[in-house]
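K.L.:
Number of protein chains: 2
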Amino acid sequence: MARKKQYIEEEVIDKAMHLFWRNGYENTSMQMLEKEMGINKFSIYSSFGNKHGIFLESIKSYKNKTKTMFDTFKNASNGVTDIKQFFNDSVAIGFQNNNEKGCLVTNTYNEFSLIEDELINKQMTVFMDNLKNLFIEKLRLDPKKDEDTIQKQANFLVLAKHGLAAATKVNSQKEIEDYIEMTFNNI
Amino acid sequence: MARKKQYIEEEVIDKAMHLFWRNGYENTSMQMLEKEMGINKFSIYSSFGNKHGIFLESIKSYKNKTKTMFDTFKNASNGVTDIKQFFNDSVAIGFQNNNEKGCLVTNTYNEFSLIEDELINKQMTVFMDNLKNLFIEKLRLDPKKDEDTIQKQANFLVLAKHGLAAATKVNSQKEIEDYIEMTFNNI
DNA sequence: TTTATTTCTAAACAATCGTTTAGTTATTTT
DNA sequence: AAAATAACTAAACGATTGTTTAGAAATAAA
Numbered sequence: 720m721a722r723k724k725q726y727i728e729e730e731v732i733d734k735a736m737h738l739f740w741r742n743g744y745e746n747t748s749m750q751m752l753e754k755e756m757g758i759n760k761f762s763i764y765s766s767f768g769n770k771h772g773i774f775l776e777s778i779k780s781y782k783n784k785t786k787t788m789f790d791t792f793k794n795a796s797n798g799v800t801d802i803k804q805f806f807n808d809s810v811a812i813g814f815q816n817n818n819e820k821g822c823l824v825t826n827t828y829n830e831f832s833l834i835e836d837e838l839i840n841k842q843m844t845v846f847m848d849n850l851k852n853l854f855i856e857k858l859r860l861d862p863k864k865d866e867d868t869i870q871k872q873a874n875f876l877v878l879a880k881h882g883l884a885a886a887t888k889v890n891s892q893k894e895i896e897d898y899i900e901m902t903f904n905n906i
Numbered sequence: 720m721a722r723k724k725q726y727i728e729e730e731v732i733d734k735a736m737h738l739f740w741r742n743g744y745e746n747t748s749m750q751m752l753e754k755e756m757g758i759n760k761f762s763i764y765s766s767f768g769n770k771h772g773i774f775l776e777s778i779k780s781y782k783n784k785t786k787t788m789f790d791t792f793k794n795a796s797n798g799v800t801d802i803k804q805f806f807n808d809s810v811a812i813g814f815q816n817n818n819e820k821g822c823l824v825t826n827t828y829n830e831f832s833l834i835e836d837e838l839i840n841k842q843m844t845v846f847m848d849n850l851k852n853l854f855i856e857k858l859r860l861d862p863k864k865d866e867d868t869i870q871k872q873a874n875f876l877v878l879a880k881h882g883l884a885a886a887t888k889v890n891s892q893k894e895i896e897d898y899i900e901m902t903f904n905n906i
């Protein structure tokens, strides 16, 4: 044993996560990461391998940040009401981080949708599939809905979540609330 | 007078536009543009100034490509039906260009939403505002709608258009049709 | 056919990208 | 206190970015 790390990996990743959230992957340079994380490039590379590695850890950190919200949603049992609550909670996370726009996962989904990156794209696909399955699970709690309707509505909600992410970038809180209200008029 | 240009600017811009559409702005390099446009960097720079200039011309070219669709929409007078038709037409454009994903304007909107680029962002804002105003105009044709409802619905539709653009990237034609159907259940 | 002008090719530009390395500093173990 | 080990700083790496330039090729006007 010898000298100990003068930083906590979880802490510097949290800072990196916010930087990626603000600027996206491609528009965040190692130089910016170095400054924001407050540690040298050498330390970054020895801890996380490469830029891609920092990003993957940042997404983990984001997922961890939103874990409580997701768990609440998963354990809920009131059907559509809970999906709506989940939409509102998603917006709230954006509003409690003023400089960060939209949802990091959706932003990443958009940025990488035009690029070939197997690992990231796989993660994004899995995320969206899980979200859809959660919606399906909640919608099935309503005995009045037939399976075909449930599938259509789940798909609609996943895409509506994209619209919501776009909304949190530019629209006012009032407009976002209206959007959610209208989205669920349908369901 | 001396030697003439061996290329037609509109033609090479059309090629550049498709390349930007496929890859986005940042992930399209001058090297790629040189190859795709089939002319030398010098020629590109003398015609369009810089990469930014090529992109702006490409967006013009895209707008021109979709002009007919927009004009049809503008001149229509059946209200909501026409908005729905416009949504369907937007999807069709994506499907007639197999390698190009989503809508170039929406893609650009997403990519630049995290970057400070006054000119592009101004253009995107104007585009979205015009779209919203068109929706408002069509919605007003229905005498049963009050002004508050019209504003909410127009805003909803602009955001739904984002969801639609996301859908055209990954969803099947059937799923997209269902999404449009559900979107307009509301209106 | 010569001259003037423009476009062409191809090489080079400085700046930045992500990444690596050499050498110093600090801490633990012997 | 000496030796060993790990983390630090800071400079350099090659590759690629967007952009510019020098010189050859081509065509219009004289």
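So the protein lines, in turn, are chains A and B. One gets my numbering by counting positions in the first sequence from 1 and adding 719 to each. One gets my numbering by counting positions in the second sequence from 1 and adding 719 to each. Cβ atoms here follow ideal geometry from the backbone N, Cα and C, with glycine treated the same way.
Whole alpha helix (DSSP H) runs in the stretch 773-857 of chain B with 4 or more residues, listed along the chain?
P.N.:
786-794, 799-814 and 823-831
K.L.:
Assuming contact is defined by CB atoms lying nearer than 8 Å, are I773 of chain A and I763 of chain A in contact in what I supplied?
P.N.:
Within the first sequence, residue 773 of chain A is the residue found at index 54, counting from 1. Within the first sequence, residue 763 of chain A is the residue found at index 44, counting from 1. Taking 8 Å as the Cβ cut-off, I773 of chain A and I763 of chain A qualify as a contacting pair.
K.L.:
Indicate whether the contact test is met: 3 or more Cβ pairs, each with one atom in the stretch 856-865 of chain A and one in the stretch 790-799 of chain A, closer than 8 Å.
P.N.:
Cβ pair count under 8 Å is three or more, so yes.
K.L.:
Which same chain residues end up closer than 6 Å to A879 of chain B when comparing Cβ atoms and leaving out the 5 residues on each side of it in sequence?
P.N.:
As a first step, residue 879 of chain B is located in the second sequence; it is residue number 160 there, counting from the start. Answer for A879 of chain B: T902, listed in chain order.
K.L.:
Please state if the CB of K803 of chain B and the CB of I869 of chain B are separated by a distance shorter than 8 Å.
P.N.:
Here the question's residue 869 of chain B lines up with position 150 in the second sequence. Here the question's residue 803 of chain B lines up with position 84 in the second sequence. No.
K.L.:
Compute the beta-carbon to beta-carbon distance between I906 of chain A and V810 of chain A, rounded to the nearest angstrom, for a pair I have assumed lies under 8 Å.
P.N.:
Within the first sequence, residue 906 of chain A is the residue found at index 187, counting from 1. Within the first sequence, residue 810 of chain A is the residue found at index 91, counting from 1. The Cβ separation is near 17 Å, so there is no contact.
K.L.:
So A873 of chain A and K851 of chain A are in contact, right, with Cβ under 8 Å, and what is the actual spacing, rounded?
P.N.:
Here residue 873 of chain A is taken as the residue at index 154 of the first sequence, counted from 1. Here residue 851 of chain A is taken as the residue at index 132 of the first sequence, counted from 1. Between the beta-carbon of A873 of chain A and that of K851 of chain A there is about 5 Å, and that keeps the pair under the 8 Å contact cut.
K.L.:
Name the chain B residues whose beta carbon is nearer than 9 Å to that of K871 of chain A?
P.N.:
In the first sequence, the residue the question calls residue 871 of chain A occupies position 152. Those within 9 Å of K871 of chain A in chain B are E894, D897, Y898, E900 and M901.
K.L.:
Can you tell which of A:K888, A:Y744 and A:E729 has its C-alpha closest to the C-alpha of C822 of chain A?
P.N.:
For the purposes of this step, residue 822 of chain A is taken as the residue at position 103 of the first sequence. Distances from the alpha-carbon of C822 of chain A to those of A:K888, A:Y744 and A:E729 put A:K888 closest.
K.L.:
At the level of alpha carbons, what is the spacing between N829 of chain A and V845 of chain B?
P.N.:
Here residue 829 of chain A is taken as the residue at index 110 of the first sequence, counted from 1. Here residue 845 of chain B is taken as the residue at index 126 of the second sequence, counted from 1. Rounded to the nearest angstrom, the two C-alpha atoms are 21 Å apart.
K.L.:
Determine, using beta carbons only, whether L833 of chain A and K864 of chain B come nearer to each other than 8 Å.
P.N.:
Translated into positions along the first sequence, residue 833 of chain A becomes position 114. Translated into positions along the second sequence, residue 864 of chain B becomes position 145. Not closer than 8 Å, so no.
K.L.:
Along the chain, where does the alpha helix (DSSP H) containing I763 of chain B start, and where does it finish?
P.N.:
For the purposes of this step, residue 763 of chain B is taken as the residue at position 44 of the second sequence. Counting along the chain, the alpha helix (DSSP H) containing I763 of chain B begins and ends at K760 to F767.
K.L.:
Report back the beta-carbon spacing between E753 of chain B and K734 of chain B to the nearest angstrom; my notes put them in contact at under 8 Å.
P.N.:
In the second sequence, the residue the question calls residue 753 of chain B occupies position 34. In the second sequence, the residue the question calls residue 734 of chain B occupies position 15. Actually they are not in contact, since the Cβ atoms of E753 of chain B and K734 of chain B sit about 11 Å apart, beyond 8 Å.
K.L.:
State the Cα-Cα distance for the pair Y726 of chain B and T785 of chain A, rounded to the nearest angstrom.
P.N.:
Start at 1 with the first residue of the second sequence, and residue 726 of chain B comes out as number 7. Start at 1 with the first residue of the first sequence, and residue 785 of chain A comes out as number 66. Taking the straight line joining both Cα atoms gives about 53 Å.
K.L.:
In the structure shown, what three-state DSSP assignment does E866 of chain B receive?
P.N.:
Taking the second sequence and counting its residues from 1, one reaches residue 866 of chain B at position 147. If DSSP states are grouped into helix, strand and coil, E866 of chain B belongs with the helices.
K.L.:
Should T825 of chain B and Y744 of chain B be called a contact, given that it needs their Cβ atoms to be closer than 8 Å?
P.N.:
What you label residue 825 of chain B is simply residue 106 of the second sequence in a count that begins at 1. What you label residue 744 of chain B is simply residue 25 of the second sequence in a count that begins at 1. Cβ atoms of T825 of chain B and Y744 of chain B: not closer than 8 Å.
K.L.:
Spell out whether any CB of chain A is found under 8 Å from the CB atom of H771 of chain B.
P.N.:
Here residue 771 of chain B is taken as the residue at index 52 of the second sequence, counted from 1. It does not: the Cβ of H771 of chain B has no partner Cβ on chain A nearer than 8 Å.
K.L.:
So, for H881 of chain B: in the same chain, excluding its five sequence neighbours on each side, which residues have a beta-carbon less than 7 Å away from its beta-carbon?
P.N.:
The count along the second sequence starts at 1 and reaches residue 881 of chain B at position 162. Taken in chain order, the residues that qualify are T825.
K.L.:
Hey, could you find the ends of the alpha helix (DSSP H) N890 of chain A is sitting in?
P.N.:
Counted from its first residue, the first sequence places residue 890 of chain A at position 171. Here N890 of chain A belongs to no alpha helix (DSSP H), and DSSP marks it neither H nor E.
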